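**Q** Pasting in a structure now, in structure tokens, and then I'll have a few things to ask.
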Amino acid sequence: GESVGLHLPTLSVQEGDNSIINCAYSNSASDYFIWYKQESGKGPQFIIDIRSNMDKRQGQRVTVLLNKTVKHLSLQIAATQPGDSAVYFCAENDYGGSQGNLIFGKGTKLSVKP
Amino acid sequence: DSGVTQTPKHLITATGQRVTLRCSPRSGDLSVYWYQQSLDQGLQFLIQYYNGEERAKGNILERFSAQQFPDLHSELNLSSLELGDSALYFCASSVEGTPSTDTQYFGPGTRLTVL
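Going down the list, the protein sequences come from chains U and W.
Here the working numbering is used: the first residue of the first sequence is 1, the next is one more, and so on.
Here the working numbering is used: the first residue of the second sequence is 115, the next is one more, and so on.
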């Protein structure tokens, strides 16, 4: 079946640096992508989303980039803070599958060093 | 705080037993989703309800069932439990029922341990 994957399972950055978390998706028909953040012991928290008619979307300290040509999604976090330490998941809608429900990647653990 | 509530937070039970997990969606949300998160499988979509009706099914076992009540809260029933059912179970809700246009907001989860 179609799947969403991640290039890096762990990422360690220095506080204040920018972080980039990458994600590859395999279904070229997917038209909606979301990034979630999950802190230890908590549920996934919505960060930002992007639709396939866009290639960039910015939020507060976060930017999502979508490259449909190579089916790649990235999350950029500016001035990374200790509170950003968490597991980050990308998800895509299961277009043509379970009525568009979300398929999640395995996650990337971001560790911020003070 | 997403506004989605789940009870209980932790549940420990034995193989062969049956448990019920409960979810209350955010105020105004009509759709509820259930997910299972395990170490080896990641976050897997189980089932979705919209305004009391089942809308979509994912990787849900026949031993599992769910329903959404008129007040929009939802319950996930897990029966004939096996060791492999130990996982975190999350509920999410959204305003409508279209995953490709609706943001899903997740609850804090229920950690199920089957001994």
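By construction, the Cβ of each residue, glycine as well, lies at the ideal position given by its N, Cα and C atoms.
Given the structure is predicted, the values throughout are model-derived calculations rather than measurements.
Checking contacts by CB at 9 Å: is W/L157 closer than that to chain U?
**A** At least one chain U Cβ lies under 9 Å of W/L157.
**Q** Considering only C-alpha positions, which residue in the set W/P222, W/L135, W/S116 and W/L175 is nearest to W/G198?
**A** If we check each option's Cα against that of W/G198, W/L175 comes out closest.
**Q** Report back the beta-carbon spacing between U/L65 and U/K56 to the nearest angstrom; my notes put them in contact at under 8 Å.
**A** Right, their Cβ atoms sit about 5 Å apart.
**Q** Between W/Q150 and chain U, is there a C-beta pair that is closer than 9 Å?
**A** Not closer than 9 Å to any Cβ of chain U, the Cβ of W/Q150 fails to qualify, so no.
**Q** List the residues of chain W that U/K106 touches, going by C-beta distances under 8 Å, in chain order.
**A** By Cβ distance, chain W contributes G156.
**Q** Are any of the Cβ atoms in chain U nearer than 9 Å to that of W/Q218?
**A** Yes, W/Q218 lies at the interface with chain U (some Cβ there is under 9 Å from its Cβ).
**Q** By the criterion of Cβ-Cβ separation under 8 Å, what are the contact partners of U/N101 in chain W?
**A** The contacting residues are Y147, F159, Q162, A170, G172 and P213.
**Q** Look at the alpha carbon of U/F46 and the alpha carbon of W/L186, and state the distance between them as a whole number of angstroms.
**A** One C-alpha to the other measures close to 22 Å.
**Q** What did DSSP end up calling W/G198 once you bin it into helix, strand or coil?
**A** The answer is helix: DSSP assigns W/G198 an H, G or I state.
**Q** Using a Cβ-Cβ cutoff of less than 8 Å, which residues in the same chain neighbour W/Q218 once the five nearest sequence positions on both sides are dropped?
**A** Once the five neighbours on either side are set aside, the close Cβ partners of W/Q218 are Y147, A206, S207 and S208.
**Q** With distances taken from CA atoms, which of W/V228, W/T227 and W/G223 is nearest W/P139?
**A** Closest by alpha carbon: W/G223.
**Q** Using 8 Å as the threshold, is the stretch 74-94 of chain U in touch with the stretch 10-28 of chain U, meaning 3 or more CB pairs across them?
**A** The answer is yes - the stretch 10-28 of chain U touches the stretch 74-94 of chain U, with three or more Cβ pairs under 8 Å.
**Q** Keeping to the same chain, check which residues put their C-beta closer than 7 Å to that of U/A86; ignore five residues upstream and five downstream.
**A** Contacts found: K37, Q38, E39 and L110.
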